[in-house]
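Mapping the sequence shown onto this note's numbering, position 214 (from 1) lands on 226, and the numbers just tick up by one. Data first, discussion second: the structure below is written as structure tokens.
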Amino acid sequence: MSFLPAIFPASFDDLVFEGRNQTYGAYQLRQAYKGHVRQAMGLMLGLCALVFLGGTAWQRLHPVAVIPVGRSFPVTPMAPPTYVAEAPKPKPSAPPAAPSRPRPAAAAAPHAAASMATLVAKDKLVIPKPVATIEVPDIPPSLVAAGPATISDIGGLGAPTSTGTSKLATGSESSTSTAPAVTGPYLVVEKMPEFVGGMEALMRYLRNHLRYPSAALREQAEGRVYVSFVVRADGTIADISVPKSLGFGLDEEAQRVVSQMPAWTPGRQSNQAVAVRFTLPITFKIQ
């Protein structure tokens with residue numbers, strides 16, 4: 013059915029397919045398009061109505077049980093409390109004060125001090141932080157031997173093994189001798205090496221230059237480090253080592269400070285400057 017007025021006897025499809033093959037298929041599809049649209053709309057409306065009616069019927073056949081949330085209690089209205097203001101009672105008249113006697117100034121001072129003491133507020137508790145201290149025992153380093161000492165007839169206590177020769181001329185006081193051949197640093201000599209200024213200066217130097225390592229502070233590590241070193245014949249420090257390690261940077265700190273020591277007064281054996289080995293104990297402690 014065409015909706016065009018009577019003055020247009022032919023439809024739009026007839027005008028498009030005028031003089032063309034109308035049996036090909038496109039003309040038939042365009043003619044049946046309106047019917048297809050009507051069928052689709054009817055089918056969609058029918059499905060929607062079926063779903064709606066089916067849901068309504070299901071709710072009627074299977075009603076949902078309503079569970080009460082709580083019990084209802086009767087509410088009784090309460091009147092607001094009434095406040096009755098009472099008239100202030102007259103205060104009893106105070107008896108006349110007796111004339112006060114002047115107090116001496118010496119007696120008033122302790123009272124003022126006591127009242128001031130009660131006004132001081134206590135501060136919060138402050139947890140003391142660990143304080144690192146470095147102790148150097150008051151023991152000469154030469155008393156701590158780094159190894160076993162050797163005793164010989166020529167070198168004496170703690171002298172390395174050496175050889176020597178001497179000759180006496182007949183009827184004369186002349187004699188010839190050769191110096192002992194040193195094979196290593198001494199442990200004990202006739203005159204021990206000394207830090208410039210003595211043991212007090214050595215301990216003061218160590219306390220001023222030693223720093224507690226941060227890793228040892230974090231781990232609360234403490235203990236005694238034995239630093240072994242050699243004082244050469246010219247007084248310089250060499251061959252620094254730590255026989256027993258504590259870790260946490262304590263050994264490295266002790267070696268660093270010992271390696272930066274100024275030159276010592278060298279030790280002497282048979283009136284000659286010789287190398288001497290020392291072992292210096294340094295204690296790291298956290299208070």
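By construction, the Cβ of each residue, glycine as well, lies at the ideal position given by its N, Cα and C atoms.
I believe residue i touches residue j by the beta-carbon criterion, under 8 Å. Please report the beta-carbon distance rounded to the nearest angstrom.
| i | j | result |
| --- | --- | --- |
| Gly235 | Phe296 | 6 Å |
| Ile294 | Ala266 | 5 Å |
| Pro278 | Pro225 | Pro278 to Pro225, Cβ: 32 Å. No contact. |
| Arg50 | Asp25 | Wrong, their Cβ atoms sit about 17 Å apart, outside the cutoff. |
Within the continuous alpha helix (DSSP H) that includes residue i, where are the two ends?
| i | result |
| --- | --- |
| Arg42 | Ala38 to Leu73 |
| Arg219 | Gly210 to His221 |
| Arg268 | Leu262 to Ser271 |
| Arg280 | Where Arg280 is concerned, there is no enclosing alpha helix (DSSP H), although the beta strand (DSSP E) it sits in stretches over Gly279 to Gln281. |
| Ser226 | Ser226 to Glu231 |
| Phe24 | Phe24 to Val28 |
Residue i lies in the beta strand (DSSP E); which residues open and close that run?
| i | result |
| --- | --- |
| Tyr238 | Gly235 to Val243 |
| Asp251 | Ile249 to Ser253 |
Does the beta carbon of residue i come closer than 8 Å to any beta carbon on chain D?
| i | result |
| --- | --- |
| Leu229 | The structure shown contains no chain D; it is built from a single protein chain. |
Provide the residue(s) that pair with residue i in DSSP beta bridges, ordered along the chain.
| i | result |
| --- | --- |
| Phe290 | Phe241 |
| Glu206 | Thr277 |
| Ala285 | Arg280 |
Go through its chain and collect everything with a Cβ distance to residue i's Cβ below 6 Å, but skip five positions before and after it.
| i | result |
| --- | --- |
| Ala121 | The pLDDT assigned to Ala121 is 44, lower than 50, so where the model puts this residue is not dependable, and the model offers no usable value. |
| Ala275 | Gly247 and Thr248 |
| Gln272 | none |
| Tyr39 | Phe29 |
Grab me the residues of residue i's own chain with a C-beta within less than 7 Å of its C-beta, minus the 5 sequence neighbours each way, in chain order.
| i | result |
| --- | --- |
| Lys256 | Tyr238 |
| Arg32 | none |
| Asp263 | Val237, Val254 and Ser257 |
| Ala158 | Its pLDDT being 36, under 50, Ala158 is placed unreliably by the model, and nothing is read from it. |
| Pro197 | Val242, Ala287, Val288 and Arg289 |
| Gly261 | Pro225, Ala227 and Ala228 |
| Ala245 | Pro278, Ala285, Val286 and Ala287 |
| Ala45 | Reading off the sequence, residue 45 comes out as Tyr, not Ala. So no residue of the chain qualifies. |
| Leu27 | none |
Here's a check: name, in chain order, each residue in its chain whose Cβ is nearer than 8 Å to the Cβ of residue i, leaving out the five neighbours to either side.
| i | result |
| --- | --- |
| Ala303 | Residue 303 lies beyond the residue range present for the chain, which begins at 13 and ends at 299; the question has no answer from this structure. |
| Glu231 | Phe260 |
| Met90 | none |
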